[in-house]
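**Student:** This is the structure I have questions about; it appears just below.
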Amino acid sequence: SQQGEEDPQALSIQEGENATMNCSYKTSINNLQWYRQNSGRGLVHLILIRSNEREKHSGRLRVTLDTSKKSSSLLITASRAADTASYFCATDVRGQGAQKLVFGQGTRLTINP
Amino acid sequence: NAGVTQTPKFQVLKTGQSMTLQCAQDMNHEYMSWYRQDPGMGLRLIHYSVGAGITDQGEVPNGYNVSRSTTEDFPLRLLSAAPSQTSVYFCASSYRWDRGYEQYFGPGTRLTVT
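Keeping their order, the protein sequence lines are chains A and B. The working numbering applies: residue 1 is where the first sequence begins, and numbers increase by one. The working numbering applies: residue 114 is where the second sequence begins, and numbers increase by one.
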């Protein structure tokens, strides 16, 4: 399937540092979304970037999209303990008629106090 | 708004039993979907619906049935449970699909099949 792949699979940093996660995908997309999942909970939408956008900000989050490389990155600045979670990218696949989001396997982020 | 609610939170089934996972949303969303999440994996789409009376299959539909008789509810039926269906199931909804709206997720149902 045309699945997004996150890199790294796991990331551990000190509180206050910046965290960067990457997502690569295989086919043309309408948009790409990032979600956060705290342990044992449902996913929470963080940010959506459309295929004609290159960068988007939301608070401490910065997302970039490079459609020529079929990749996206999520940067969390000035990390906090509460940012500890798994982060997933999801691609809205273009032209498939299937109307679905395809999720990657996620990056597990740990913020150490 | 309660958002997206799922019941039950936990369920243990024996192989061969059937059951229905409930999902409801109170946001008047047109689009609803069911995913399963297995350890170390992302979410895989089981079935989805773009409106009442309209459903379609996702990536892993075998062993599951859905129906959408109302905008609010989208139950997932396991016909004859198998150990391979042990997973965490998430229901999600969004306003529309064609304009790339974010999805709202329920808290999940953890299902164990023995």
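Every residue, glycine too, gets a C-beta built ideally from N, C-alpha and C. From a predicted model like this one, the values you see are computed outputs, not experimental measurements.
I want to verify the contact list: residues of chain B whose CB lies under 8 Å from the CB of G106 of chain A, in sequence order.
**Tutor:** For the purposes of this step, residue 106 of chain A is identified with residue 106 of the first sequence, where counting begins at 1. Result: G155.
**Student:** Would Q33 of chain A pass as an interface residue toward chain B - the criterion being a Cβ-Cβ separation below 8 Å?
**Tutor:** Position 33 of the first sequence holds residue 33 of chain A. Yes - at least one Cβ of chain B is within 8 Å of the one on Q33 of chain A.
**Student:** Interface residues of chain A around Y202 of chain B at Cβ under 7 Å?
**Tutor:** Translated into the one-based positions of the second sequence, residue 202 of chain B becomes position 89. Those within 7 Å of Y202 of chain B in chain A number zero; the least Cβ separation is about 11 Å.
**Student:** Tell me where the beta strand (DSSP E) around V201 of chain B begins and ends.
**Tutor:** Position 88 of the second sequence, counting from 1, holds the residue named residue 201 of chain B. Its beta strand (DSSP E) spans residues S200 to S207.
**Student:** With a cut-off of 8 Å, does the C-beta of N52 of chain A fall near any C-beta of chain B?
**Tutor:** For the purposes of this step, residue 52 of chain A is taken as residue 52 along the first sequence, with counting starting at 1. For N52 of chain A, the answer is no, since every Cβ of chain B falls outside 8 Å of its Cβ.
**Student:** Which bits of chain A does L158 of chain B rub up against, with CB to CB less than 7 Å?
**Tutor:** Taking the first residue of the second sequence as position 1, residue 158 of chain B is located at position 45. Correct list: K100.
**Student:** Apply the 10 Å Cβ neighbour rule to F203 of chain B and answer buried if 16 or more other Cβ atoms are within range, or exposed otherwise.
**Tutor:** Mapped onto the second sequence, residue 203 of chain B falls at position 90. The residue is buried, with at least 16 neighbouring Cβ atoms inside 10 Å.
**Student:** According to DSSP, simplified to helix, strand and coil, what is S180 of chain B?
**Tutor:** Locating residue 180 of chain B in the second sequence gives position 67, counting from the first residue. Looking at S180 of chain B - three-state DSSP - the assignment turns out to be coil, as it is neither helix nor strand.
**Student:** Are any of the Cβ atoms in chain A nearer than 8 Å to that of P220 of chain B?
**Tutor:** Translated into the one-based positions of the second sequence, residue 220 of chain B becomes position 107. Yes - at least one Cβ of chain A is within 8 Å of the one on P220 of chain B.
**Student:** Under the three-state reduction of DSSP, which class applies to A81 of chain A: helix, strand or coil?
**Tutor:** Within the first sequence, the letter at position 81 stands for residue 81 of chain A. Here A81 of chain A sits in helix by DSSP.
**Student:** Given that G213 of chain B touches chain A, what residues does it touch there, using C-beta distances under 7 Å?
**Tutor:** Start at 1 with the first residue of the second sequence, and residue 213 of chain B comes out as number 100. Neighbours of G213 of chain B on chain A, chain order: N30, N31, L48, R50 and D92.
**Student:** List the DSSP bridge partners of I47 of chain A.
**Tutor:** For this step, residue 47 of chain A is matched to residue 47 along the first sequence. A:W34, per the DSSP bridge assignment.
**Student:** Helix, strand or coil for S146 of chain B? Go by DSSP, reduced to three states.
**Tutor:** The sequence position of residue 146 of chain B within the second sequence is 33, counting from 1. Residue state, collapsed to three classes: strand.
**Student:** Give the residues of chain A in contact with Q130 of chain B, contact being defined as C-beta atoms less than 9 Å apart.
**Tutor:** If you number the second sequence from 1, residue 130 of chain B lands on position 17. Chain A residues near Q130 of chain B: none, gap ~25 Å exceeds 9 Å.
**Student:** Could you work out which residues of chain A lie near Q216 of chain B, taking near to mean beta carbons separated by less than 9 Å?
**Tutor:** On the second sequence, residue 216 of chain B is found 103 positions in, with the first residue counted as 1. Chain A residues near Q216 of chain B: Q33, Y35, L43, H45, A90 and L101.
**Student:** Take N18 of chain A and list the residues in its own chain whose beta-carbon comes closer than 8 Å to its own, dropping the five residues that flank it on each side.
**Tutor:** Residue mapping note: residue 18 of chain A aligns to position 18 of the first sequence, counting from 1. Hits under 8 Å: L75, I76, T77, A78 and S79.
**Student:** Could you tell me whether the Cβ atoms of T67 of chain A and S51 of chain A are closer together than 8 Å?
**Tutor:** The residue given as residue 67 of chain A occupies position 67 in the first sequence. The residue given as residue 51 of chain A occupies position 51 in the first sequence. Yes, the Cβ-Cβ distance between T67 of chain A and S51 of chain A is below 8 Å.
**Student:** If you drop the 5 nearest sequence neighbours on each side, which residues of the same chain put their C-beta closer than 7 Å to that of V226 of chain B?
**Tutor:** Position 113 of the second sequence, counted from the first residue, corresponds to residue 226 of chain B. Here the set comprises L126, T128, A194, A195, P196, Q198 and T199.
**Student:** Can you give me the Cβ contacts of L158 of chain B inside the same chain, cut-off strictly under 8 Å, excluding the 5 residues immediately before and after it?
**Tutor:** Residue 158 of chain B sits at position 45 when you count from the first residue of the second sequence. The answer, listed in chain order, is S146, W147, Y148, G171, E172 and V173.
**Student:** Use the C-beta contact count for S12 of chain A: other C-beta atoms within 10 angstroms, 16 or more gives buried, fewer gives exposed.
**Tutor:** Working through the first sequence from its first residue, we reach residue 12 of chain A at position 12. S12 of chain A is exposed by the Cβ-count criterion.
**Student:** Counting only the same chain and skipping the five closest in sequence on each side, list residues whose C-beta sits under 7 Å from that of G16 of chain A.
**Tutor:** Counted from its first residue, the first sequence places residue 16 of chain A at position 16. Cβ within range, chain order: A78 and S79.
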